[in-house]
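Residues 1 to 198 in the UniProt record's numbering are what the sequence shown lists, from first letter to last.
Think of the CB as a built atom: it goes at the ideal place given N, C-alpha and C, for glycine as much as any other residue.
In this text the structure is predicted, and so the values were computed from the model without any measurement.
All remarks here apply to the structure that follows.
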Amino acid sequence: MQTQQAKLAKYQRRMAHKQKFSNNWKKAKAKVKKPHTQIANARRDFLHKATTTISQNHALVFVEDLQVSNMCRSAAGAGENPGKNVAAKSGLNKAILDQGWGEFRRQLDYKLAWNGGMLFAVPPHYTSQECPKCHHTSADNRQTQARFVCVKCHYENHADHVGAINVKERGHRLLACGDAVLSRSMKQELAEVSQLFS
Numbered sequence: 001m002q003t004q005q006a007k008l009a010k011y012q013r014r015m016a017h018k019q020k021f022s023n024n025w026k027k028a029k030a031k032v033k034k035p036h037t038q039i040a041n042a043r044r045d046f047l048h049k050a051t052t053t054i055s056q057n058h059a060l061v062f063v064e065d066l067q068v069s070n071m072c073r074s075a076a077g078a079g080e081n082p083g084k085n086v087a088a089k090s091g092l093n094k095a096i097l098d099q100g101w102g103e104f105r106r107q108l109d110y111k112l113a114w115n116g117g118m119l120f121a122v123p124p125h126y127t128s129q130e131c132p133k134c135h136h137t138s139a140d141n142r143q144t145q146a147r148f149v150c151v152k153c154h155y156e157n158h159a160d161h162v163g164a165i166n167v168k169e170r171g172h173r174l175l176a177c178g179d180a181v182l183s184r185s186m187k188q189e190l191a192e193v194s195q196l197f198s
């Protein structure tokens, strides 16, 4: 997919230098469309395969209750309050949207329900900063983007793995307390069941 994204960026740059609606602009636009379609198809294929595999092999899945639309807000600011690190934030927003997190959760939700499983969302705060061993939470635990080393007990692991452990533990704790966030399909099923007995 990175190859197609590089092609897309190249064709978009070429298109930007053409006079709008000219024959050359139309040709450039047609070239932009092809990698766009290929990227969308590759993303769709990956999401379907990944969510199908997970839903067929797991009865209970926990995810972070991420608000993707809030995470992708522009950092440009306005008027007298211009934004900071706009280019970096724009790149992060693009990376988040390219991953299709929202669509991944939507597909996982209905496929798990179809297979008799359940999807639960847990609060996402500090999942990659909390030590799963001693539960000390600090930004200093993240030595780099990928490396996690607890400054208190020196537990060490990949930051993504630490995040996954914490999401799973939070999910089990919330289920035990009855405070887990139900997915949309589970809410609908519970509402239908309650109507039957009301």
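Beta-carbon separation (whole angstroms), residue i vs residue j, contact threshold 8 Å
i	j	result
M118	L60	6 Å
K168	F21	Not a contact, Cβ separation roughly 54 Å.
V149	S128	So it is not a contact: roughly 12 Å between Cβ atoms.
L47	G100	6 Å
K18	W25	4 Å
E64	A9	In fact, because the Cβ distance is near 30 Å, the residues do not count as touching under 8 Å.
Endpoints, beta strand (DSSP E) assigned at residue i
i	result
E156	E156 to H158
F21	No beta strand (DSSP E) holds F21; DSSP gives it neither H nor E.
L60	L60 to E64
Interface flag, residue i vs chain C, CB-CB below 8 Å
i	result
L108	Although the question refers to chain C, the structure presented lacks it and comprises just one protein chain.
Local Cβ density within 10 Å of residue i, reported as buried at 16 or more and exposed below that
i	result
G116	exposed
K34	exposed
D160	exposed
A176	exposed
residue 205	Residue 205 lies beyond the range of the chain shown here (1 to 198); nothing can be said about it.
K111	buried
A28	buried
A16	exposed
T51	buried
N166	buried
R44	exposed
R170	buried
A95	Low confidence applies here, because A95 scores a pLDDT of 49, under 50, leaving its location unreliable and the question unanswered by this model.
Quiz item: Contact between the region 153-160 and the region 124-135: three or more CB pairs below 8 Å?
Solution: The region 153-160 vs the region 124-135: in contact.
Task: Entirely enclosed alpha helix (DSSP H) segments - the UniProt domain "Cas12f1-like TNB" (101-167), minimum 4 residues - done: 101-114
- Message: Count Cβ pairs between the region 139-146 and the region 98-115 that sit closer than 8 Å; are there 3 or more?
- Response: Under the Cβ criterion (8 Å, minimum of three pairs), the region 139-146 does not count as touching the region 98-115.
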